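2 protein chains.
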Amino acid sequence: MWVNGRAAEQVSVLDRALHYGDGLFETIGCLEGSPRLFDLHLQRLSEGCRRLGFALHHIEALRREVPALAFGARRAIVKVLLTRGAAAARGYALTGEEQQLRILLRYPWPQPDPAVAGEGVRVRIAALRLGENPALAGLKHCNRLEQVLARREWSDPSIAEALMFSSSGALISGTMSNVFLVHRSTVLTPSLERCGVAGVMRESVLRLARDAGIDTQVRPLAAEDLEQAQELFLTNALTGIRPVCELSGRGWAVGALTRRLQGLLAPLLAPGANLGGDHHG
Amino acid sequence: MWVNGRAAEQVSVLDRALHYGDGLFETIGCLEGSPRLFDLHLQRLSEGCRRLGFALHHIEALRREVPALAFGARRAIVKVLLTRGAAAARGYALTGEEQQLRILLRYPWPQPDPAVAGEGVRVRIAALRLGENPALAGLKHCNRLEQVLARREWSDPSIAEALMFSSSGALISGTMSNVFLVHRSTVLTPSLERCGVAGVMRESVLRLARDAGIDTQVRPLAAEDLEQAQELFLTNALTGIRPVCELSGRGWAVGALTRRLQGLLAPLLAPGANLGGDHHG
Numbered sequence: 001m002w003v004n005g006r007a008a009e010q011v012s013v014l015d016r017a018l019h020y021g022d023g024l025f026e027t028i029g030c031l032e033g034s035p036r037l038f039d040l041h042l043q044r045l046s047e048g049c050r051r052l053g054f055a056l057h058h059i060e061a062l063r064r065e066v067p068a069l070a071f072g073a074r075r076a077i078v079k080v081l082l083t084r085g086a087a088a089a090r091g092y093a094l095t096g097e098e099q100q101l102r103i104l105l106r107y108p109w110p111q112p113d114p115a116v117a118g119e120g121v122r123v124r125i126a127a128l129r130l131g132e133n134p135a136l137a138g139l140k141h142c143n144r145l146e147q148v149l150a151r152r153e154w155s156d157p158s159i160a161e162a163l164m165f166s167s168s169g170a171l172i173s174g175t176m177s178n179v180f181l182v183h184r185s186t187v188l189t190p191s192l193e194r195c196g197v198a199g200v201m202r203e204s205v206l207r208l209a210r211d212a213g214i215d216t217q218v219r220p221l222a223a224e225d226l227e228q229a230q231e232l233f234l235t236n237a238l239t240g241i242r243p244v245c246e247l248s249g250r251g252w253a254v255g256a257l258t259r260r261l262q263g264l265l266a267p268l269l270a271p272g273a274n275l276g277g278d279h280h281g
Numbered sequence: 001m002w003v004n005g006r007a008a009e010q011v012s013v014l015d016r017a018l019h020y021g022d023g024l025f026e027t028i029g030c031l032e033g034s035p036r037l038f039d040l041h042l043q044r045l046s047e048g049c050r051r052l053g054f055a056l057h058h059i060e061a062l063r064r065e066v067p068a069l070a071f072g073a074r075r076a077i078v079k080v081l082l083t084r085g086a087a088a089a090r091g092y093a094l095t096g097e098e099q100q101l102r103i104l105l106r107y108p109w110p111q112p113d114p115a116v117a118g119e120g121v122r123v124r125i126a127a128l129r130l131g132e133n134p135a136l137a138g139l140k141h142c143n144r145l146e147q148v149l150a151r152r153e154w155s156d157p158s159i160a161e162a163l164m165f166s167s168s169g170a171l172i173s174g175t176m177s178n179v180f181l182v183h184r185s186t187v188l189t190p191s192l193e194r195c196g197v198a199g200v201m202r203e204s205v206l207r208l209a210r211d212a213g214i215d216t217q218v219r220p221l222a223a224e225d226l227e228q229a230q231e232l233f234l235t236n237a238l239t240g241i242r243p244v245c246e247l248s249g250r251g252w253a254v255g256a257l258t259r260r261l262q263g264l265l266a267p268l269l270a271p272g273a274n275l276g277g278d279h280h281g
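Just so you know, the sequences run in chain order L and Y.
So for the first sequence, the numbering used here puts the first residue at 1; every next one is plus one.
So for the second sequence, the numbering used here puts the first residue at 1; every next one is plus one.
In structure tokens:
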């Protein structure tokens, strides 16, 4: 664990991330010391800094520190947490004196179970619905009580994820993954302008599909779109593409487009690969 | 600063409040060592514990610790923060091994400016709208980025507060206060079933008004209700009732019902008073 580049295990009880969730995070898979999809992670983090009013100088430090912390491990997860830092005064207002913190945590990253990628995962529908706020939508910020509560809705370990709808009834994502549908050879994923996290793996899969000439659509999706879909899969920075084999009792076969996208994605997830952040300009 | 009853200034970098805002808080005004509206604060905190799945044993400890931390000060603010504690594993899921933390912070509480209670405060309308989520509505939880961003919308120190609407257009509250309107001798405040914090001072003012035979209504309110109101005031646990003298350029006189409620409230805010939590059963 590092805090602002030094080994540390604690932070101030005054930190605004502790009091208000006033922070941003990224969870980065590292293979042989190399952070995967690193540019996309740093782009999303920069966008979060811009929208929340955080300084950008931590981004450059992370370019050095994330590989350094991952160094020597064949597989590791590095979680980056940027916080607004210790509050200079009580209350929501900023004083301008806050010293933002850059926290890095390293976790082991076990080898994935090939059965999950092959046969798919069981998924449920969360009862809790996501509130809508364009000011926060897309960001991986530290206000995650909705995900915590949705994850508390089930304890069956054979269920891997829950799909979440927004308060206005739009399909948005899983608790920790993005969701894709295939309908008549088109790959669809919900637009995330009102809520949800714009995942780096979601972006990678969209780019790959477009480059391969596959029709893609990013638009509002509803429960009916889910019912009409022929294929259904989840994406996440660590797990890549996971087909859904069962959703709330309905069985799904792993479809041809899902398989094709898994195949296209595989080289990008291997050590040494990097999907450039400015790949499409 | 106390953490679980011991002097401490730091917490683990693994704390789930730091990562997810997975916590609850209360900000308690203490006069001559006596926490004001203490039962109402502890009731809201208990309700939060129940809804987020926190253990309740911290509530009893707080009954002893809050007065102990306030002891000796004529005026002090004690902020209580309950967190889910250090994560036992990465991710949103709970393992059951989390050890919740009880953090107490003491702040000075300056004497209020009598001009504010007398002449009122200038208020604006926040551009940011609150997301709606009944699962979190009413609670003083640690997911407060919406309030942080709304408070960043202005820096003019002569503006005391901003009124916030929900994503569906309902008037909800200020960034750090509840809002009341008076329309034709009825005292109205927004229902908080979809978003907002159910303030202890809001509850106290509603009870006082009802006991005094004043008509009250708690219901969804819209921008039109605000336009038609004859009086407008804000409540907060520390500041009591603050009349609004200007909202986005429109001037307001401090009205008769606002003055009457301030008069009724005054004895309850004095040292030694306590508004019992089970006052109305």
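Where a beta carbon is used, it is the ideal one built from N, C-alpha and C, also for glycine.
Quantities reported herein were computed from a predicted structural model and do not represent experimental measurements.
Whole-number beta carbon distance between residue j and residue i, since they are thought to touch under 8 angstroms
i                 : j                 : result
Cys142 of chain L : Phe25 of chain L  : 6 angstroms
His19 of chain Y  : Ala88 of chain Y  : Incorrect: roughly 12 angstroms between the Cβ atoms, too far for contact.
Asn29 of chain L  : Trp109 of chain L : Reading off the sequence shown, one finds Gly at residue 29 of chain L, where the question assumed Asn. Indeed they touch by this definition, with Cβ atoms about 6 angstroms apart.
Ser177 of chain L : Glu161 of chain L : 6 angstroms
Val291 of chain L : Met1 of chain Y   : Shown here, chain L extends from 1 to 281; a query on residue 291 of chain L therefore has no answer.
Leu136 of chain Y : Leu145 of chain L : 6 angstroms
Asp225 of chain Y : His183 of chain Y : 7 angstroms
Given residue i as reference, the closest of the options once Cα atoms are compared
i                 : options                                   : result
Ser204 of chain L : L:Leu221, L:Glu146, L:Tyr92 and L:Leu238  : L:Leu238
Thr235 of chain L : L:Thr189, L:Met1 and L:Asp113             : L:Thr189
Arg260 of chain L : L:Val187, L:Pro271 and L:Leu52            : L:Val187
Arg75 of chain Y  : Y:Leu31, Y:Leu45, Y:Leu81 and Y:Tyr92     : Y:Leu31
Leu181 of chain Y : Y:Ala266, Y:Arg84 and Y:Ile241            : Y:Ile241
Glu97 of chain L  : L:Phe71, L:Leu268 and L:Gly85             : L:Gly85
Arg44 of chain Y  : Y:Asn4, Y:Gly21, Y:Gly138 and Y:Thr83     : Y:Gly138
Gly263 of chain L : L:Ala115, L:Leu149, L:Leu208 and L:Gly72  : L:Leu208
Phe71 of chain L  : L:Leu145, L:Gly48, L:Pro35 and L:Gly91    : L:Pro35
Ser158 of chain L : L:Val80, L:Arg219 and L:Ala115            : L:Ala115
Thr83 of chain Y  : Y:Ala266, Y:Ser167 and Y:Gly23            : Y:Gly23
Gln147 of chain L : L:Asp156, L:Met164 and L:Leu136           : L:Met164
Ser168 of chain L : L:Ala222, L:Gln217, L:Ile77 and L:Leu81   : L:Ala222
Arg152 of chain L : Y:Leu149, Y:Asp225 and Y:Leu94            : Y:Leu94
Glu47 of chain Y  : Y:Lys140, Y:Arg219, Y:Ile214 and Y:Leu265 : Y:Lys140
Leu206 of chain L : L:Asp225, L:Val179 and L:Leu226           : L:Val179
Leu52 of chain Y  : Y:Pro112, Y:Gly21, Y:Glu227 and Y:Gln217  : Y:Gly21
Asp15 of chain Y  : Y:Leu81, Y:Cys49 and Y:Ala73              : Y:Leu81
Cys49 of chain L  : Y:Leu149, Y:Asp113 and Y:Pro271           : Y:Leu149
Ser166 of chain L : L:Gly118, L:Ile214 and L:Pro220           : L:Pro220
Ala117 of chain L : L:Ala73, L:Pro271, L:Leu268 and L:Val244  : L:Val244
Ile77 of chain L  : L:Tyr107, L:Leu269, L:Tyr92 and L:Ala270  : L:Tyr107
Pro269 of chain L : L:Arg90, L:Lys79, L:Ala17 and L:Gln111    : The amino acid at residue 269 of chain L is misidentified as Pro; the sequence shows Leu. Of the candidates L:Arg90, L:Lys79, L:Ala17 and L:Gln111, the one whose C-alpha sits nearest the C-alpha of Leu269 of chain L is L:Gln111.
Arg90 of chain Y  : L:Gly91, L:Lys79 and L:Tyr92              : L:Lys79
Ala17 of chain Y  : Y:Leu69, Y:Val218 and Y:Tyr92             : Y:Tyr92
Bounding residues of the alpha helix (DSSP H) (the contiguous stretch that carries residue i)
i                 : result
Ala209 of chain L : Val200 to Asp211
Ala223 of chain L : Ala223 to Gln228
Leu261 of chain L : Ala256 to Leu269
Where the beta strand (DSSP E) containing residue i begins and where it ends
i                 : result
Gly240 of chain L : Gly240 to Leu247
Thr186 of chain Y : Thr186 to Pro190
Thr216 of chain Y : Asp215 to Arg219
Glu231 of chain L : Glu231 to Asn236
Leu14 of chain Y  : Looking at the DSSP string, Leu14 of chain Y is not in any beta strand (DSSP E), and its letter there is neither H nor E.
Arg102 of chain Y : Leu101 to Pro108
Is it the case that the stretch 246-257 of chain L contacts the stretch 119-126 of chain L, given that we only count it when at least three CB pairs across the two stretches are under 8 angstroms?
Verdict: yes, contact present.
If you pair each beta-carbon of the stretch 186-205 of chain L with each one of the stretch 161-177 of chain L, do three or more pairs fall below 8 angstroms?
Under the 8 angstroms Cβ criterion, the stretch 186-205 of chain L counts as touching the stretch 161-177 of chain L, having at least three qualifying pairs.
Quick check for students: name the residue ranges of the alpha helix (DSSP H) that lie wholly in the stretch 18-93 of chain Y, counting only runs of 4 or more.
Runs of the alpha helix (DSSP H) inside the stretch 18-93 of chain Y: 38-52 and 57-70.
For the stretch 100-111 of chain Y and the stretch 3-14 of chain Y, state whether three or more C-beta atom pairs, one from each stretch, are separated by less than 8 angstroms.
Verdict: yes, contact present.
Measuring CB atoms only, is the stretch 216-233 of chain Y touching the stretch 250-260 of chain Y, in the sense that at least three cross pairs come out at less than 8 angstroms?
Contact holds: three or more Cβ-Cβ distances are below 8 angstroms.
Quick one: any contact between the stretch 45-64 of chain Y and the stretch 57-66 of chain L, if contact means 3 or more CB pairs under 8 angstroms?
The stretch 45-64 of chain Y is not in contact with the stretch 57-66 of chain L.
What residue ranges within the stretch 115-183 of chain Y form continuous beta strand (DSSP E) runs of no fewer than 3 residues, ordered along the chain?
For the stretch 115-183 of chain Y, whole beta strand (DSSP E) runs of length 3 or above, ordered along the chain, are 121-125, 159-165, 171-174 and 178-183.
Are three or more beta carbon pairs between the stretch 34-43 of chain L and the stretch 199-216 of chain L nearer than 8 angstroms?
Under the three-pair Cβ rule at 8 angstroms, the stretch 34-43 of chain L counts as touching the stretch 199-216 of chain L.
Looking at C-beta atoms only, is the number of pairs between the stretch 129-144 of chain Y and the stretch 125-139 of chain L that lie closer than 8 angstroms three or more?
Pairwise C-beta distances place the stretch 129-144 of chain Y in contact with the stretch 125-139 of chain L, as three or more of them are shorter than 8 angstroms.
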